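Working notes for the structure below.
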Amino acid sequence: MFDMVLKNGNVFIDNQFNAMDLAIKGNKIACLGENLQGEKEIDVAGLWVLPGAIDAHTHFSLPFAGKVSADDFFTGTRAAAIGGVTTIIDFLAQQGDEGVLESFERRKKLAEGAAVIDYSFHACIGRYSSEVISQMRQLADYGLTSLKVFMAYGKTGLMQSDHALMKIMRDCAEQGILLTVHAENGLLIDALVEEAEKSGKLDIEALKSTRPLITEVEAIERLALFARETGCKTYVVHTSSGAGAEVIRRHRAMATPIAAETCPQYLYLDNSMLSGQTGHYFSCCPPIREKTQQNKLWECLEDGSLSVVATDHCPFKKSEKDSGKNNILNLPMGLPGIETLPLLVLNGALNHKISIEKAIRSISENPARIFGLYPEKGSLIPGTDADIMVFDPQRKWKISNESLSMATDYSPYENLEITGKNTLTIFGGDVIYSEKSGWKGLQGRGRFLKRKKTDQSFFSF
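So the sequence shown is numbered by our numbering: it starts at 2 and just counts up by one.
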C-alpha cells in the first residue's frame with residue numbers, strides 16, 4: 002500500500018492529461034494508474050494534478066536603492082508554496098572582487114534553516130575578477146551551472162563592457178556554463194537618465210522615457226550576435242517586450258544558442274499604469290511596456306521562442322516605494338509575484354492566450370530542463386520528487402492582496418479576474434498547503450539543489 006494516493010485526478014503526464022490516480026511512497030512519486038490504494042487518499046476529481054511549479058528568477062532579501070526586498074527565504078518560499086511553486090532559483094550577490102564561491106557560501110546561509118521548499122542559485126557577478134576566472138571550473142562541481150551578468154547598471158559597477166561580455170561568453174562556452182543575461186543597453190539608459198535629471202523630470206513617467214523599447218531590443222540583438230559568435234548557451238532573463246521576443250525568435254531560427262524567459266507583469270500589466278499617484282507601485286526594470294506588446298509575448302511562448310515564465314520576484318512595501326516616488330533614481334524597482342505565478346500563466350491558457358500544454362511546461366518542465374533539474378523537478382514521472390500542485394481550472398475569483406501571503410501590502414494585480422486556483426501543494430511527499438486546512442509546511446525543510454548542466458535540446462536545432 003502506498004503512503005498517499007491522489008484519486009481520480011487529471012494527471013499531466015507525457016504532455017497531456019490522463020484520468021488516473023497518482024501514488025506517493027516516501028518523498029517520491031511511486032506509481033500512476035487506476036484503483037491505487039494508500040494509507041491516505043485524497044479525492045481530486047475534476048482537478049489538474051501538475052508538477053510543482055519552478056520559479057527560476059527570484060530575489061529574496063535583495064538590497065536595492067537603500068531598501069531590502071520584503072520577502073526573505075522563509076516568507077518568500079512559503080508564499081511560493083501556497084501558490085503551487087515548489088522550487089525556486091535565486092541569485093548570489095558578489096561583493097567587490099570576491100569570487101562566486103565566497104558569495105555562494107554567504108547567500109546559502111540565508112536560505113538554510115529558512116526555506117520551506119527546495120532552492121538553488123544562479124552565480125551572479127558585476128566584476129569579472131581574477132578570482133571569478135579561477136573558480137569558473139569549480140562552478141558546476143558546486144551545482145552552480147548558470148552565471149548571470151548585466152548589460153546595464155553601469156553606475157553600480159554591474160554592467161559588462163562588450164569586450165568583457167565576449168570574454169565571459171567564451172569562458173562559459175568552454176566550461177559548459179549557461180550564461181543568463183539582463184539585456185538592456187546600459188550606456189543609452191545612463192545617457193537618457195542624465196538628460197532627464199538635467200530637465201528635472203525623474204518621476205515615474207521617466208521610467209518609460211529612460212528605458213524605451215529600443216534599449217531592450219538592441220541589447221538582445223547584440224547579445225544574440227555574441228552568442229552566435231562564441232557558441233555560448235545564453236538565456237535572456239525577463240524579456241519585457243514582444244519586439245524583444247521576436248529578436249530571439251529570429252536568432253533561434255538561425256540556430257543561435259539563445260533561449261529566454263518572460264514574466265507575468267509583462268503579460269498582464271502595461272505602461273499606462275506608470276503614471277499618477279500610484280504609478281511608482283508598478284515600477285520594475287525593464288519596465289512594463291505598451292499593451293500592444295503583450296499578444297506577441299504570448300505568441301512567442303506558444304511557438305517556443307520564449308521557453309519560461311518566471312517572476313523576477315522582488316517585492317517592496319508601499320512605504321518603501323513611496324520613498325522614491327518623485328525620483329526613479331531612489332525608487333526600489335521590483336514587483337511581488339511568486340505566489341501568483343502559476344495562476345497567472347494557467348489563467349492565460351484558460352483564456353486562450355496559449356495552449357494549456359505550453360503554459361504548464363513554461364513553469365515546470367522547461368525551467369527544469371534548462372537549469373539542470375529535470376526530471377527530478379518539473380515532471381510527474383514515477384521515481385522523481387513528489388512535488389505536486391493540484392489546480393482547480395473551474396474556479397473564478399479576483400486577486401486581492403488580502404488573500405495573498407507575500408510580505409508586501411499590495412498586489413499589482415489587485416481585482417484582476419482570474420480563472421483557476423491552486424488548492425493543494427505537496428512537497429517531498431507531504432501536503433504543505435491545503436485550501437481547506439491552510440499552511441502545514443516546515444521552516445527550513447527546503448534543500449539546496451546541486452544542478453546539472455543545461456539540457457542541450459533547448460540549444461540544438
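Here a beta-carbon is modelled for each residue, glycine too, at the ideal position from N, C-alpha and C. Everything numeric in this text was worked out from a predicted model, so none of it was measured.
Rounded to a whole number of angstroms, what is the C-alpha to C-alpha distance between isoleucine 259 and alanine 174? Position 258 of the sequence shown, counting from 1, holds the residue named residue 259. Position 173 of the sequence shown, counting from 1, holds the residue named residue 174. Whole-angstrom Cα-Cα distance: 12 Å.
At the level of alpha carbons, what is the spacing between glutamate 377 and serine 438? Working through the sequence shown from its first residue, we reach residue 377 at position 376. Working through the sequence shown from its first residue, we reach residue 438 at position 437. Computed Cα separation, rounded: 28 Å.
With a CB to CB cut of under 6 Å and the five nearest residues on each side skipped, what residues in its chain are close to arginine 128? Locating residue 128 in the sequence shown gives position 127, where the first residue counts as 1. The beta carbon of arginine 128 sits closer than 6 Å to the beta carbons of Asp98 from its chain, once the five residues preceding and following it are set aside; these are given in chain order.
Could you name the residues of the same chain whose beta carbon sits closer than 6 Å to that of leucine 345, not counting the 5 residues immediately before and after it, in chain order? Counting from one through the sequence shown, the residue named residue 345 turns up at place 344. Excluding sequence positions up to five before and after leucine 345, its CB lies within less than 6 Å of the CB of Pro265, all in the same chain and listed in chain order.
Since proline 316 and serine 70 are thought to touch, with beta carbons under 8 Å apart, how far apart are those beta carbons, to the nearest angstrom? In the sequence shown, counting from the first residue as 1, residue 316 sits at position 315. In the sequence shown, counting from the first residue as 1, residue 70 sits at position 69. The pair is a contact, with the Cβ atoms about 6 Å apart (cut-off 8 Å).
CA-to-CA distance, glutamate 300 to aspartate 44, given in whole angstroms: For the purposes of this step, residue 44 is identified with residue 43 of the sequence shown, where counting begins at 1. For the purposes of this step, residue 300 is identified with residue 299 of the sequence shown, where counting begins at 1. Between aspartate 44 and glutamate 300, the C-alpha separation is close to 35 Å.
I believe arginine 396 touches serine 121 by the beta-carbon criterion, under 8 Å. Please report the beta-carbon distance rounded to the nearest angstrom. Taking the sequence shown and counting its residues from 1, one reaches residue 396 at position 395. Taking the sequence shown and counting its residues from 1, one reaches residue 121 at position 120. Contact doesn't hold; Cβ gap of about 31 Å is too wide.
Quick check: the segment 150-160 against the segment 177-192, are at least 3 beta-carbon pairs closer than 8 Å? The segment 177-192 makes contact with the segment 150-160; the number of CB pairs closer than 8 Å reaches 3 or more.
Closest by CA to isoleucine 55, which one among Asp73, Ala31 and Ile83? Residue mapping note: residue 55 aligns to position 54 of the sequence shown, counting from 1. Looking at the Cα atoms, Ile83 is the closest of the given residues.
Do the CB positions of valine 309 and alanine 66 come within less than 8 Å of each other? Counted from its first residue, the sequence shown places residue 309 at position 308. Counted from its first residue, the sequence shown places residue 66 at position 65. In terms of Cβ geometry, valine 309 and alanine 66 do not form a close pair [threshold 8 Å].
Those runs of the alpha helix (DSSP H) which lie wholly inside the segment 228-308 and span at least 4 residues: As far as the segment 228-308 is concerned, its whole alpha helix (DSSP H) runs of at least 4 residues are 243-254, 265-269 and 295-304.
To which residues of the same chain is isoleucine 289 closer than 8 Å at the C-beta, ignoring the five residues directly before and after it? For the purposes of this step, residue 289 is taken as the residue at position 288 of the sequence shown. Excluding sequence neighbours, isoleucine 289 sits near Ser241, Gln266, Tyr267, Leu270, Asp271, Asn272, Met274, Leu275 and Phe283.
Taking the CB atoms as reference points, tell me whether asparagine 186 and alanine 228 lie closer together than 8 Å. As a position in the sequence shown, residue 186 is number 185, starting the count at 1. As a position in the sequence shown, residue 228 is number 227, starting the count at 1. Here asparagine 186 is not near alanine 228, since their CB atoms are 8 Å or more apart.
What's the C-alpha gap between valine 12 and glycine 430? On the sequence shown, residue 12 is found 11 positions in, with the first residue counted as 1. On the sequence shown, residue 430 is found 429 positions in, with the first residue counted as 1. Spanning the two alpha carbons is a distance of roughly 16 Å.
With a 10 Å radius around its C-beta and 16 neighbouring C-beta atoms as the bar for buried, classify lysine 68 as buried or exposed. In the sequence shown, counting from the first residue as 1, residue 68 sits at position 67. With 16 or more other CB atoms across the displayed protein chains lying within 10 angstroms of its CB, lysine 68 is buried.
Reduced DSSP category for leucine 140 - H, G, I as helix; E, B as strand; rest coil: Position 139 of the sequence shown, counting from 1, holds the residue named residue 140. If DSSP states are grouped into helix, strand and coil, leucine 140 belongs with coil.
What does DSSP give as the partner residues of cysteine 32 in its beta bridges? In the sequence shown, the residue the question calls residue 32 occupies position 31. Answer is Ala24, bridged to cysteine 32.
On the three-state DSSP scale, how would you describe leucine 330? Along the sequence shown, read from residue 1 onward, the residue named residue 330 stands at position 329. Three-state result, leucine 330: helix.
Can you tell which of Val218, Gly280 and Ile14 has its C-alpha closest to the C-alpha of proline 413? Within the sequence shown, the letter at position 412 stands for residue 413. Nearest of Val218, Gly280 and Ile14 to proline 413, Cα basis: Gly280.
Which residues in the same chain as serine 435 place their Cβ atom closer than 6 Å to its Cβ, once the five residues preceding and following it in sequence are excluded? The sequence position of residue 435 within the sequence shown is 434, counting from 1. Excluding sequence neighbours, serine 435 sits near Leu425.
Glutamine 161 burial status per 10 Å Cβ neighbour count (16 or more: buried): Indexing the sequence shown from 1 puts residue 161 at position 160. Result: buried.
Please list the terminal residues of the continuous alpha helix (DSSP H) segment that includes arginine 370. Taking the sequence shown and counting its residues from 1, one reaches residue 370 at position 369. Taken as a continuous stretch (DSSP letters only), the alpha helix (DSSP H) holding arginine 370 covers 366-371.
Continuous alpha helix (DSSP H) stretch holding serine 435: start and end: Indexing the sequence shown from 1 puts residue 435 at position 434. Not the alpha helix (DSSP H): serine 435 falls in the beta strand (DSSP E), residues 431-435.
According to DSSP, is glycine 421 helix, strand or coil? Here residue 421 is taken as the residue at index 420 of the sequence shown, counted from 1. In the structure shown, glycine 421 sits in a strand (DSSP, three-state: E or B).
At the level of alpha carbons, what is the spacing between aspartate 456 and glycine 85? As a working mapping, residue 456 is identified with position 455 in the sequence shown. As a working mapping, residue 85 is identified with position 84 in the sequence shown. If you take the alpha carbons of aspartate 456 and glycine 85, they lie about 24 Å apart.
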